[in-house]
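Below is one structure, written out as structure tokens; the observations come after it.
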Amino acid sequence: MNGWLVLPIVAPLLAAVVALLLRSRRGAGRLALLGASAAIAAAGAALVAHTADGALAVLGVGGWTPPIAITLVADRLSSALVLVTGLVGLAVALSDDGEGRAALRGVLAPILLAGVCLSFLTGDLFNLYVGFEVMLMASFALIALEARPGEVRAGLVYTLPSLLASLLLLTAVGLTYAATGALNMADVARRLPDVPHGTALLLSVLYLLAFASKAALVPLHLWLPGSYPHTAPLTAALFSGLLTKVGVYALFRVHTLIFAPLGLALPDVVLGAACVTMLVGVLGAVAGKDLRTILSFHIVSQIGYMLLGPGLLTPLAMAGAVVYLLHHIVVKTALFLVSACIERSRGTGELARLGGLLRGAPKLAALFGLAALSLAGVPPFSGFWAKLALVRAGLDAEAWTATGLAVAVGLLTVFSMSKIWDQAFWKAEPDAETSLVRPSRASGAALLVVVSLLLAASAEPLVQFARGAAEQLLAPVEYLRLVGGAG
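This is the structure in structure tokens:
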């Protein structure tokens, strides 16, 4: 399986080089992104098949053995995330009809995907930081190069908090090495019990703050609604599905592997922050008057649901969080791609200036409706099964406030999504040029909506897969043995 571990990182970097060399040729960037995403999806599918029974795929780069080697590792969760990363890349590439700076997207988007996959597959804290930095460089370049006149400020709103979070993460990594003499995650987990309690607690807080900022957890979330609505539509779609989820994944991995065994995962703090994040995010969506502003605040709100997993820190809660993470990547990217179709055809995403899309673009309306129902957690869509698992976990843990809030936020999500439906699709607008919505632009959204429906249809095996992933997170015996080189 060694090749499948390397492919999701190497293939997009090679695709970026090819796109750079052929940037003068129309369509080269789109083909490069398609090829890179297809390679990532193929590798992810192979890794999912390999890890489905609980096995791990582990590779020590350069022929070295763990814990000395730079280690790549895939378990159930990381394999599934690599697969959906490839699907997101494919959807964005399919939706790209060559408008704007398509050649630059073909260079930078694969680099971003490589950083995402490195973050999901690394077993090393420093290379986790490297993965975040690769994503940051590529994403900032995409924002800056594709920004509309007068909206370059969005790049600063996005980049400055990200740089501060990266500095915090680098500080945590440096202090971890100083305290333990190791960077391999499993090796750090074995050595941390010998570190003074105060030092270990400080490390836990530093990692939590860094990952909370990367994941847009309230109150470290303002960079997201301040930047996503002002970037190029396809770039926002790529960001919406992936960037914050890498922060969520990193928090899942580091806190369950390294800090939870010592009682330093701070579940009460995480649970409180998750509740506040759910509420603040959905209230921002309810108040929003623009498509991408509403959808951006929904990202913040849904991150709160995902963090209920490590907040409750039970097997069922973590399983629900895993389902939610996978479902949200797919559905949120689909919604942003639908928004991109609307903005590129109408020239605006302001709800007051939209209308008539149900009659003028019924297929696009169907795609939005299906994705919105899933996001809101309406049965039997994929979002329902994720929320059901989290609500049941909350009731089992007697976390009444968090559980009640999760249900209430779900109702507010339905309300805010119905506002988009009423203003953009249902409201009559006889003078609107609805015929300008090209079918090719909606192909990526259609792909992801089909994936979300397949997730809903496969609810039972999906939940069982997520239970296995949660068990690997909470009881990482094999991870410690194979990645840390323990006997």
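Here the sequence shown is numbered in my numbering, starting from 27 and rising by one per residue.
All C-beta atoms, glycine included, are put in the ideal place defined by N, C-alpha and C.
Once the 5 residues before and after tryptophan 452 are set aside, which same chain residues still bring their CB inside 7 angstroms of it?
Leu384
How long is the line joining the alpha carbons of valine 326 and lysine 445, rounded to whole angstroms?
18 angstroms
Whole angstroms is fine: what's the gap from isoleucine 368's alpha carbon to isoleucine 169's?
20 angstroms
May I ask you to report which of helix, strand or coil DSSP gives glycine 513?
Note that glycine 513 scores 42 on pLDDT, short of 50, meaning its location in the model is unreliable; the coordinates nonetheless yield the value given after this. Coil.
Residue range of the alpha helix (DSSP H) that includes valine 280:
259-280
Let me know if isoleucine 94 comes out buried or exposed under the rule of 16 or more other beta-carbons within 10 Å of its beta-carbon.
exposed
Closer than 8 angstroms, CB to CB, is alanine 205 near chain B or not?
The structure shown contains no chain B, having only a single protein chain.
Any 3 or more C-beta pairs closer than 8 angstroms across the stretch 370-380 and the stretch 473-485:
no
Nearest-angstrom Cβ-Cβ length linking leucine 73 and tryptophan 30, presumed shorter than 8 angstroms
5 angstroms
Following the continuous alpha helix (DSSP H) through valine 489, name the residue where it begins and the one where it ends.
485-500
Pairwise C-alpha distance: alanine 64 and alanine 75:
17 angstroms
Between the alpha carbons of glycine 115 and tryptophan 411, how many angstroms are there, rounded?
25 angstroms
Answer with buried or exposed for tryptophan 426, where buried requires no fewer than 16 other C-beta atoms within 10 angstroms of its C-beta.
exposed
Name the residue from Val308, Gly310, Leu305 and Ala238 whose alpha carbon lies nearest to the alpha carbon of valine 280.
Ala238
Looking at leucine 151: is its Cβ nearer than 8 angstroms to the Cβ of threonine 91?
no
Neighbourhood of leucine 109 by C-beta distance below 7 angstroms, restricted to the same chain and skipping five residues each side
Ala67, Gly70, Ala71 and Val74
Are the CB atoms of proline 336 and alanine 496 nearer to each other than 8 angstroms?
no
If alanine 215 and proline 287 are in contact, beta carbons under 8 angstroms, what's the gap, nearest whole angstrom?
7 angstroms
If you compare alpha carbons, which of Val364, Met163 and Ala501 is closest to threonine 282?
Ala501
Does the Cβ of threonine 197 have 16 or more other Cβ atoms within 10 Å, making it buried, or fewer, making it exposed?
exposed
Suppose you measure from the CA of serine 145 to the CA of alanine 454; what does that come to, to the nearest Å?
46 angstroms
Hey, quick one: how far does the alpha helix (DSSP H) through leucine 363 stretch, first residue to last?
341-372
Whole-angstrom distance between leucine 508 and leucine 260, CA atom to CA atom
39 angstroms
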